[in-house]
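Since the structure comes first, as structure tokens, the remarks are kept for the end.
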Amino acid sequence: MHGTTALLIELGGVILALGLVGRLAGLIGLSPIPLYLLAGLAFGHGGLMPLYASEGFVAAGAEIGVILLLLMLGLEYSASDLVTSLRTQYPSGLVDLVLNATPGAVAALLLGWGPVGAVALAGVTWISSSGVIAKVLTDLGRLGNRETPVILGLLVIEDLSMALYLPLLTALVAGVGLAGGGVALAVALGTVGLVLYVALRHGRLISRAVSSDDPEMLLLVVLGTTVLVAGLAQRLQVSAAVGAFLVGIALSGEVAEGVRRLFSPLRDLFAAVFFVFFGLSTDPAAIPPVLLPALLLAAATAMTKIGTGWYAARRAGIGRRGRLRTGGALVARGEFSVVIAGLAAATEPRIGPLATAYVLILVIAGPLTARWAGGGRRPGPRPRRRPLGRLLRRRDRPPGADGDPRGRSPSAPAAANP
1495 MHGTTALLIE LGGVILALGL VGRLAGLIGL SPIPLYLLAG LAFGHGGLMP
1545 LYASEGFVAA GAEIGVILLL LMLGLEYSAS DLVTSLRTQY PSGLVDLVLN
1595 ATPGAVAALL LGWGPVGAVA LAGVTWISSS GVIAKVLTDL GRLGNRETPV
1645 ILGLLVIEDL SMALYLPLLT ALVAGVGLAG GGVALAVALG TVGLVLYVAL
1695 RHGRLISRAV SSDDPEMLLL VVLGTTVLVA GLAQRLQVSA AVGAFLVGIA
1745 LSGEVAEGVR RLFSPLRDLF AAVFFVFFGL STDPAAIPPV LLPALLLAAA
1795 TAMTKIGTGW YAARRAGIGR RGRLRTGGAL VARGEFSVVI AGLAAATEPR
1845 IGPLATAYVL ILVIAGPLTA RWAGGGRRPG PRPRRRPLGR LLRRRDRPPG
1895 ADGDPRGRSP SAPAAANP
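Counting from 1495, one number per residue, gives the positions in the sequence shown under the working numbering.
See the structure below:
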């Protein structure tokens, strides 16, 4: 009984603290992710108030948090969105990979972390935060801008690439060697290809099978399916996160909208627990020694992301201001960087503190660079949030529209370039 009482007290205190820091983040206009990480550092070993009774529960909640994060991300895209993005934006995706993964790999080798550490840190610096970027675009009123589909197309390619990268990293961390990594990559390719084929051909049948007018039944069926598939994917060394992402892709239409509404609060709760757990596993005393490398890496990869956005927007025929807005919006790193560092921490413990400091820096700098690149928030009513997939499917605005200082929606008349 005493253990249960301590568990409830600690867990209640942690959740209350997360609510308070999340409210603070909203007041100052920042993503709550850095504050969640700081809360984890405060509650972890070596912090101000270490947790003991609830540590196991928080660890399990963190696993669920990753699964829900990727499920909700997969719901934003359809299989056709992914195929279209791959066909039209793969050159920009390759530039994104080369420019942003290379600094991380080079830094890991210079620090003496070896090949596995280089592959892991390359992933940390490569992947932008879809969640943070989507929120920033909404808050700045840029969902109707002509460059927004370019930004989201790059995010789609990055997210889909994780379906191949995470199994490969998992195999390397497990020490199975290149042969085992090749098998894991082949399994991942086969799984992704099969899911995309089924989703394209039979997506409506899948959605109809899980559909229910009763929200409780819909929540239980989708949550159970997601956790089961994530577990099976983990058994196949494809990564639980990728399994959840593929479940989200397979659902579409009204079912996807209903699942998004039902799961958003759960996602927010367990995602916060996930970021806290990552902070819990990092000793605060280990961060100051890596702060300078993290700052240098953050500065370098902020510039490479801006270069990536500039190149991708230029390919789409967007003007200079739109290119700068594209690059500035892509700077933030977040959930995937933390997931990758968590996977690699068992093999290279030093990656945890460096990744924590790196994400803290860029998750704060990302919204600031997005505001700076666009000259601040545009006046006018805040647009209604639309799923990212719908934005990818809409037609581009007329060539002069990206010069519109008000960032009007596609339905508004396009203004001439100033």
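Ideal placement from N, C-alpha and C gives every residue a C-beta, glycine not left out.
Since the model is a prediction, treat every value here as computed from it, not as a measurement.
- Less than 7 Å separates the beta-carbon of valine 1552 from that of valine 1767.
- Taking all protein chains shown into account, tryptophan 1866 has fewer than 16 neighbouring C-beta atoms within 10 Å of its C-beta and is therefore exposed.
- Scanning Gly1513, Val1508 and Gly1520 for the CA closest to the CA of glycine 1534 turns up Val1508.
- When the Cα atoms are used, methionine 1656 and valine 1677 turn out to be separated by approximately 16 Å.
- Inclusion of leucine 1740 and valine 1689 in the CB contact set at 7 Å is warranted, their separation being smaller than that value.
- Three or more pairs of CB atoms, one per stretch, sit closer than 8 Å, so the segment 1606-1626 contacts the segment 1830-1837.
- Distances from the alpha-carbon of aspartate 1653 to those of Gly1635, Arg1814, Ala1601 and Leu1580 put Leu1580 closest.
- CA-CA distance, proline 1609 to leucine 1603, rounds to 7 Å.
- Fully enclosed alpha helix (DSSP H) runs of no fewer than 4 residues occupy 1527-1537 and 1549-1569 of the segment 1503-1581, in order along the chain.
- Apart from sequence neighbours up to five positions away, the residues of its chain that approach leucine 1658 with a beta-carbon distance below 8 Å are Leu1679, Ala1682, Leu1683 and Val1686, ordered along the chain.
- In terms of Cβ geometry, glycine 1822 and threonine 1795 do not form a close pair [threshold 7 Å].
- For alanine 1838, the enclosing alpha helix (DSSP H) starts and ends at 1829-1838.
- Leaving aside the five residues that flank valine 1721 on each side, the residues in its chain whose CB is nearer than 7 Å to its CB run, in chain order, Ile1561.
- For glycine 1638, no alpha helix (DSSP H) encloses it, and the DSSP letter there is neither H nor E.
- The beta carbon of valine 1784 lies closer than 8 Å to those of Arg1844, Pro1847, Leu1848 and Ala1851 in the same chain, with the five residues before and after it left out.
- Under the three-state reduction of DSSP, proline 1861 is assigned to helix.
- Membership of tryptophan 1804 in the alpha helix (DSSP H) is indicated by the continuous run 1785-1809.
- Residue Arg1817 holds the alpha-carbon nearest to the alpha-carbon of arginine 1808 among Ile1800, Arg1817 and Gly1801.
- Relative to the Cα of isoleucine 1645, the nearest Cα in the group Ala1835, Ala1779 and Gly1803 belongs to Gly1803.
- With contacts defined as CB atoms closer than 7 Å, aspartate 1590 and leucine 1663 fail to qualify as a contacting pair.
- Around the beta carbon of valine 1592, fewer than 16 other beta carbons sit within 10 angstroms, so the residue counts as exposed.
- Of all alpha-carbon atoms in Leu1521, Leu1789, Ile1527 and Gly1523, the one lying nearest the alpha-carbon of phenylalanine 1764 is that of Ile1527.
- For the options Gly1606, Arg1636, Gly1611 and Ser1525, the alpha carbon positioned closest to that of arginine 1815 is the one of Arg1636.
- Following the DSSP letters along the chain, one finds valine 1618 inside the alpha helix (DSSP H) bounded by residues 1608-1620.
- The Cβ-Cβ distance between leucine 1745 and proline 1709 does not fall below 7 Å.
- Counting every other CB atom within 10 Å of its CB across the protein chains shown gives alanine 1595 a total of 16 or more, marking it as buried.
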